[in-house]
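To keep things clear, I will list the structure first and then write my remarks on it.
Structure representation (structure tokens):
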């Protein structure tokens, strides 16, 4: 099906340059975020501990406000690999 | 690649840049929140100076505009905070003028920003898909799950526009103060959001404050969730959103995608077999 989008003229050099400049800035931003997220590891580890504590005592939200208690032996073990949150 | 994972990004710390692309009049400024590096499709926060004027025109891309602050006249009507437009490619928007200036979130879904001066719609424009609504005044909050499993009480959404074919959706979400939801979630769709006001925290990324933004590709863990003071945000998804809830913070997107596929296989084995078979011809 023909669409307006398929009728668009080829990108101009100005548009290609605009995309390239913003893509480069975005890659820099992404790298900075990855570093910030790495620096957040101690706080995140504490949040994970708190989450595990709550799902054992108050429960894990399975659907809306329905909660299911999780036994200690059901908790996942941290795998032996680098842990990333921003990909 | 399309768009990288940008999460979290707080744009308030960055300066606006002049928006000088061809055919756009002077007096506009932008911050790129995220960008598809292949197509130029982008999510922008924009500021339009007092006295800004733009002649009527169309874009070759579907576009969305959400007014954050200020007022803008489009044609004969004046719009303020919370105004949302979905402007299909080829739809001519009336002349735009803002006496005092305004700020908006602006999305170009198919390519870089484009503006072709015209007071006529393109012959292929999908006129009936145009949406104009005030998100704060005109749409109801939905406090219950659109599809189970749903989010905890204290979290509500307002749908502003949905693509009936792909289920791509633009919506507001809001959390009450002291909202908490103890699970980790991921989805089959990409998701992005801009925090208009307030805070919401996730165990992976910490606090997303006012001015916080994310573009999150599919299958990335987020949660558990908590909000100290409450929040309201504009969000978009590029497909149907299903909440895969779990409690393992260390799974990877690949593992999550395989779990999602295996759940689909369990529920609909014939559909999975069909989708993975080549040579469809009917």
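Residue numbers (our numbering), protein chains in the order written: chain A, 3 to 89; chain B, 58 to 339. Heads up, the beta-carbon is just placed ideally off N, CA and C, and yes, glycines get one too. All of these numbers come straight from a predicted model, not from anything done at the bench.
Counting other Cβ atoms within 10 Å of its Cβ, residue 134 (chain B) stays below 16 and is therefore classed as exposed.
Per the C-alpha coordinates, the member of B:160, B:106, B:261 and B:266 positioned closest to residue 89 (chain A) is B:261. DSSP lists B:250 as the beta-bridge partner residues of residue 271 (chain B). Counting only runs that start and end inside the stretch 87–138 of chain B, the beta strand (DSSP E) elements of at least 3 residues fall at 99–105, 109–111, 120–127, 129–131 and 134–136. Contact annotation: in the stretch 212–241 of chain B, residues whose CB is within less than 9 angstroms of a CB in chain A are 237, 238, 239, 240 and 241. The beta carbon of residue 166 (chain B) sits closer than 8 angstroms to those of 98, 118, 119, 120 and 121, all from its chain and outside the five residues before and after it, given in chain order. For a Cβ distance threshold of 7 angstroms, nothing in chain B lies close to residue 58 (chain A): the least Cβ distance comes to about 10 angstroms. Within its own chain, the residues whose Cβ lies closer than 7 angstroms to the Cβ of residue 69 (chain A), once the five positions on either side in sequence are excluded, are 60, 61, 62 and 63, listed in chain order. Residue 237 (chain B) has B:283 as its beta-bridge partners, per DSSP. Annotated three-state conformation of residue 318 (chain B) is helix, per DSSP.
Interface residue (Cβ-Cβ distance to chain B less than 8 angstroms): residue 42 (chain A) is classified as such.
Remark: C-beta atoms of residue 107 (chain B) and residue 158 (chain B) approach each other more closely than 8 angstroms. At a cut-off of 8 angstroms between C-beta atoms, residue 167 (chain B) counts as an interface residue with respect to chain A. Taking the Cα of residue 232 (chain B) as reference, the smallest distance to any Cα among B:127, B:291, B:243 and B:324 is reached at B:291. Scanning its chain for C-beta atoms nearer than 6 angstroms, with the 5 sequence neighbours on each side dropped, one finds around residue 69 (chain B) the residues 268, in chain order. Nearest neighbour of residue 254 (chain B) by Cα position, chosen from B:126, B:94, B:307 and B:93, turns out to be B:126.
Contact annotation: residue 146 (chain B) and residue 6 (chain A) have beta-carbon atoms nearer than 8 angstroms. When beta bridges are read from the DSSP output, residue 255 (chain B) appears opposite B:288. In the three-state reduction of the DSSP assignment, residue 144 (chain B) falls in the strand class. Under the 8 angstroms criterion on CB atoms, residue 335 (chain B) is classed as non-interfacial with respect to chain A. Chain B places a beta carbon closer than 8 angstroms to that of residue 10 (chain A), counting this residue as a contact. For residue 46 (chain A), there is no enclosing beta strand (DSSP E); the enclosing alpha helix (DSSP H) has its first and last residue at 43–59. For residue 160 (chain B), the uninterrupted beta strand (DSSP E) run begins and ends at 159–165, by DSSP.
In this structure, residue 91 (chain B) sits near residue 249 (chain B), with a CB-CB distance shorter than 8 angstroms. With respect to the 8 angstroms criterion, residue 62 (chain B) and residue 289 (chain B) are not classified as neighbours on the basis of their beta carbons. By the criterion of a C-beta distance shorter than 6 angstroms, residue 65 (chain B) is surrounded in its chain by 262, 265, 269 and 271, once the five residues flanking it on both sides are discounted.
Residue range 326–332 is occupied by the alpha helix (DSSP H) that includes residue 327 (chain B). Burial check for residue 324 (chain B): the Cβ neighbour count within 10 Å stays below 16, so the residue is exposed. For residue 25 (chain A), the nearest beta carbon of chain B is closer than 8 angstroms to its own beta carbon.
For residue 230 (chain B), the enclosing beta strand (DSSP E) covers residues 226–232.
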